[in-house]
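Here the structure is laid out as structure tokens; the discussion comes afterwards.
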Amino acid sequence: MLVMSLDAVRYLVTGRFPWKEFVSQAWFVVSVAVVPTLLVAVPFGVIISIQIGSLAQQVGATSFVGAANGLGVIRQGAPIVVALLLAGAVGSAICSDLGARTIREEIDALETMGISPVQRLVVPRVLATTLIGMLLCGVVAFAGVLTGFLFNVLAQGGTPGSYVSSFAAFAQPADLVLAEVKSAVFGVLVALVACYKGLTAKGGPKGVADAVNASVVLSVVLLFAVNVVITEIYATVVPQRLG
115 MLVMSLDAVR YLVTGRFPWK EFVSQAWFVV SVAVVPTLLV AVPFGVIISI
165 QIGSLAQQVG ATSFVGAANG LGVIRQGAPI VVALLLAGAV GSAICSDLGA
215 RTIREEIDAL ETMGISPVQR LVVPRVLATT LIGMLLCGVV AFAGVLTGFL
265 FNVLAQGGTP GSYVSSFAAF AQPADLVLAE VKSAVFGVLV ALVACYKGLT
315 AKGGPKGVAD AVNASVVLSV VLLFAVNVVI TEIYATVVPQ RLG
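In this text, residue positions in the sequence shown follow our numbering: the first is 115, and each later residue adds one.
Okay, structure coming up:
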């Protein structure tokens with residue numbers, strides 16, 4: 115997988131970029147991931163609002179609900195939702211597509227004609243998944259924060275001014291940058307793992323199913339491990355606002 119990743123970087127820098135395939139894959143990722151992402155983002159924002167609002171009422175810190183809810187959604191919630199949807203929906207679709215092409219010997223045919231499967235198939239899928247993942251992160255962050263705000267005001271008796279002021283006091287642009295960086299890294303990892311498993315699928319349809327399963331599991335494990343590392347680096351390097 116590392117060799118394939120290095121080849122993808124080399125082709126991205128030095129080779130002709132297949133724009134038509136990139137546009138096709140970007141639209142495919144949008145069609146697969148947008149609706150499930152929105153359906154997950156709304157209840158996710160509600161769940162965070164319920165938990166944080168209940169805890170804040172117990173300790174008498176209701177004025178900080180906006181900050182805790184908003185930062186939780188932006189820093190962790192939005193990237194994690196995007197990661198899981200990319201791994202479960204997009205990654206599995208990419209892996210099954212390339213796996214089916216592999217067992218039908220279409221990949222071998224490309225190599226026989228002197229066409230690199232990495233340049234033609236992997237590079238556009240990696241860039242498309244990365245770009246759409248970053249856009250989805252912004253959508254999830256907006257939907258989660260808005261849902262948390264509405265639920266806090268309408269269902270938990272919070273005041274709009276207190277929610278917005280506490281969020282503005284602690285949030286900073288670096289938080290959104292962190293979320294976008296995480297989503298970009300997650301998109302790259304999901305696409306690379308899915309492409310590698312798809313291109314190395316063996317054993318007919320059962321082999322493709324096994325490759326899809328392995329792709330999803332490996333992607334989720336890698337995503338959570340990388341999330342811990344990025345979060346720790348961010349907390350160490352970027353000074354946090356004290357309100």
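By construction, the Cβ of each residue, glycine as well, lies at the ideal position given by its N, Cα and C atoms.
Cα atoms of PHE284 and PHE178: separation of roughly 9 Å, rounded to the nearest angstrom.
Put simply, of GLN233, ASN266 and ALA122 the residue whose alpha carbon is nearest the alpha carbon of LEU169 is ASN266. When secondary structure is reduced to three states using DSSP, THR244 falls in the helix class. DSSP places GLY271 outside both helix and strand once states are collapsed to three, so it counts as coil. Judged by DSSP secondary structure, ALA214 falls within the alpha helix (DSSP H) whose first and last residues are 206 to 217.
Under the DSSP assignment, MET118 falls in the alpha helix (DSSP H) whose first and last residues are 116 to 128. Your pair ILE162 and GLY262 checks out as a contact, with CB atoms roughly 6 Å apart and the cut at 8 Å. Shortest Cα-Cα distance from VAL259 to any of GLY191, THR345 and GLY202 involves GLY191.
Within the same chain, and ignoring the five residues on either side of VAL330 in sequence, the residues whose Cβ sits closer than 7 Å to its Cβ are ALA201, GLY202, GLY205 and SER206. Linking ALA293 to ILE188 through their CA atoms gives a straight-line distance of about 6 Å. Comparing alpha-carbon positions, the option among LYS134, GLU220 and GLY167 lying closest to GLY271 turns out to be GLY167.
Counted as a single uninterrupted DSSP element, the stretch harbouring GLY228 is not any alpha helix (DSSP H), since DSSP gives it neither H nor E. CYS309 is positioned such that its CB atom lies no closer than 8 Å to that of ARG234.
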